[in-house]
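Novice: The numbering of the sequence shown is the working numbering, which starts it at -19 and goes up by one.
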Amino acid sequence: MSTRSSSSKKVVIADVGLDSSTSSFRVRNNWTSYAALQSNAQLTETLTLAERIERMGRALNAGELADLLNVSKITIFKQAKGGRIPSFRIGTCVRFDPKVVAKWLRTM
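(1) Can you find the residues in the same chain that come closer than 8 Å, C-beta to C-beta, to W84, ignoring five residues on each side of it along the sequence?
(2) At the level of alpha carbons, what is the spacing between M36 and P78?
(3) Work out the CA separation of T26 and V81 for me, nearest whole Å.
(4) In the structure shown, what three-state DSSP assignment does I70 receive?
(5) Which of helix, strand or coil does DSSP assign to R64?
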């Protein structure tokens, strides 16, 4: 990831460079305008934590949930083992269903 500075705007570019003529840049083979990215960022800021977690399309691991809840991974494991955070196991791995975790957060 690289960063370019142009006239007091800081633009973060992932994968491929900035097209200055159209104020667009390519992220993972898709062209996206800077305004669209700002709109997505504002949408993320208006969502509650439960809504952001609920929109995740896959099961979360303890590290990801710990980052979202701003606690340590050890706390997540202890709470899951005690049944205080809804979780499930796949073999030896502990995972968290985002929809169930969002529902749990709303009841707190």
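Where a beta carbon is used, it is the ideal one built from N, C-alpha and C, also for glycine.
Specialist: With the structure as the only source:
(1) I65 and P66
(2) 6 Å
(3) 19 Å
(4) Residue state, collapsed to three classes: strand.
(5) It is coil, neither helix nor strand.
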